[in-house]
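In terms of numbering that gives the first Met the number 0, the sequence shown opens at residue 0 and continues consecutively.
Heads up, the thing below is written out as structure tokens.
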Amino acid sequence: MDALILSCSTGGGHNAAGRAAMEALEARGHHARLLDPYELVSPGLGKKVGDTYVGMVQRAPRMFGCVYSLGELYRKLPIHSPVYWVNENMGGVLETYLRENPCDVILMPHVFPAEILTNLKAKGVPVPKTVFIATDYTCIPFTEETNCDYYVIPSPRLRENFLFRGIPEEKLLPFGIPVKGDFSREISREEAAETLGLDKKRHYLLLAGGSIGAGNIRDTMEHLRDYLKNRPDTTLITICGRHQQLYLKLLKEFGGDPQMVLLSSTDKMPEYMALCDVIMTKPGGLTSTEAAVAGIPLIHISPIPGCEQKNAAFFEAWGMSLRVGDSKRELISALETLEQRPNAENMVSCQRREINPNSARDLAIFLENWIA
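In structure tokens:
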């Protein structure tokens, strides 16, 4: 089987899901390639699109929330959204690429490529089989404008949410969000500490802002200073993602604190999750799923307005996380709750019950049977 994965760099989660699907397909002997369709127009365009999104989220998250709300409003209108028509302009270059690079199936962990292919279908252009992969725990705006053969959704519990938005039930595949196999690999705390070069006798907390370093990371670190001072055997590890400016700012302010470790980005997130007692992070769909698959107690902080608020609500509703609205007043209480072992163990048990760690593999097997 030859699979094409079309994604965009508006946050790292979409590409991470795409790479997880690619990993599962290649492990079963298939060929897969990951492509940002905007790069077909001109080299660097995909990065520019991604950087525009990331810049808005980092500097003006409330503005992003307004944009998301506009998307919700368009759902009430009997017309296509501007996103649909903007992506119509991408049809020609993608049609040419597919003609020159045929494939059996196209997987899309981002709605923009799904809009492009929907436009091509509407014009009668023959396209390969198509699968949309939802990477948030809700049916995001514009999904219902797309016309894909199947839709991978994060949980069977979201079936009604997607049906309400007009996605046919027979097209829903409740496999879960694909994550890389390393997150479900059994890694002992001792093994993780050795790999990371850290003291296995200490306790560790993990603070992450996703791939783009979003969320109120600086203030959260400040709120945790007294908590750490009262626990001299505990270290806070903060991962800033690609937000280099944030990393340098935090390094200047907190770099001298012996109970704080700062990282810009890492390819060892499974090991950090295996090592740490708790992860505090904004509720991105991928990071939250990775944490649940890894089985680490989870505190959601500083959601980007829109779908991340719904991610946090879903995880909290099913016992998979604690949601903190005001870090200054609520974060320490949440950490103290999870210091009690029965509470932490119950949360991990809920994660195991609700989240499929083998989504990528299950998707690969489905594709084999469908395309054979």
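Ideal placement from N, C-alpha and C gives every residue a C-beta, glycine not left out.
Note that this is a predicted model, so its numbers are computed, not measured.
- Under the rule that a run must span 4 or more residues, the alpha helix (DSSP H) segments found entirely inside the region 91-162 read 110-121.
- Contact between residue 207 and residue 278 holds: their C-beta atoms lie close to 6 Å from each other, under 8 Å.
- Judged by pairs of C-beta atoms under 8 Å, the region 4-24 does not touch the region 334-354, as fewer than three such pairs exist.
- A Cβ-Cβ separation of about 4 Å places residue 92 in contact with residue 39 under the 8 Å criterion.
- A residue is called buried once 16 or more other Cβ atoms fall within 10 Å of its Cβ, and residue 360 is buried on that count.
- According to the DSSP secondary-structure assignment, residue 346 is paired through a beta bridge with no residue.
- Nearest in C-alpha terms to residue 291, of all of 202, 21 and 181, is 181.
- Non-local beta-carbon contacts of residue 146 in its own chain, meaning distances under 6 Å to residues more than five positions away in sequence, involve 117 and 120 in chain order.
- Residue state for residue 21 is assigned as helix, using DSSP reduced to three classes.
- Around the beta carbon of residue 106, 16 or more other beta carbons sit within 10 angstroms, so the residue counts as buried.
- DSSP, reduced to helix, strand and coil, places residue 312 within a helical segment of the structure shown.
- Here residue 248 has 217 as same chain residues with Cβ atoms under 8 Å from its own Cβ, once five neighbours each way along the sequence are excluded.
- Secondary structure note for residue 225: its alpha helix (DSSP H) is the uninterrupted segment 224-228.
- Rounded to the nearest whole angstrom, the CA to CA distance from residue 240 to residue 172 is 31 Å.
- Under the three-state reduction of DSSP output, residue 303 falls in the coil class, being neither helix nor strand.
- Distance between residue 338 and residue 14, taken at the CA atoms: about 34 Å.
- When C-alpha distances from residue 355 are compared across 86, 153, 144 and 298, the shortest belongs to 153.
- In this model, residue 175 and residue 192 are separated by some 30 Å (Cα to Cα).
- Counting other Cβ atoms within 10 Å of its Cβ, residue 111 reaches 16 or more and is therefore classed as buried.
- Straight-line measurement puts the Cα of residue 286 at about 20 Å from the Cα of residue 187.
- Residues of the same chain with a CB within less than 8 Å of the CB of residue 258, apart from the 5 flanking positions on each side, are 227, 228, 231, 233, 234 and 235 in chain order.
- Residue 207 carries a strand assignment under DSSP once its states are collapsed to helix, strand and coil.
- For residue 292, no beta strand (DSSP E) segment is defined; the enclosing uninterrupted segment is the alpha helix (DSSP H) at 284-293.
- In the three-state DSSP reduction, residue 247 falls in the helix class (H, G or I).
- Note on geometry: alpha-carbon atoms of residue 363 and residue 132 lie some 13 Å from one another.
- Taking C-beta separations shorter than 7 Å and ignoring five residues to either side along the sequence, the partners of residue 161 in its chain run 138, 150, 152 and 171, following chain order.
- Contact between residue 16 and residue 108 holds: their C-beta atoms lie close to 4 Å from each other, under 8 Å.
- Following the DSSP letters along the chain, one finds residue 272 in no beta strand (DSSP E) but inside the alpha helix (DSSP H) bounded by residues 268-274.
- Residue 354 sits in coil when the DSSP states are folded into three classes, being neither helix nor strand.
- Residue 21 and residue 281 have their alpha carbons spaced roughly 26 Å apart.
- By the neighbour-count criterion, in which 16 or more other beta carbons inside 10 Å mark a residue as buried, residue 340 falls on the exposed side.
- For the pair residue 200 and residue 267, the Cα-to-Cα distance works out to about 20 Å.
- Residue 42 counts as exposed, since fewer than 16 other beta carbons sit within 10 angstroms of its beta carbon.
- DSSP places residue 29 in the coil class of the three-state scheme, outside both helix and strand.
- Taking C-beta atoms under 8 Å as the contact rule, residue 275 and residue 197 fail to qualify, at a distance of about 10 Å.
- Counting only residues of its own chain and dropping the five nearest sequence neighbours on each side, residue 124 has a CB closer than 7 Å to the CB of 94.
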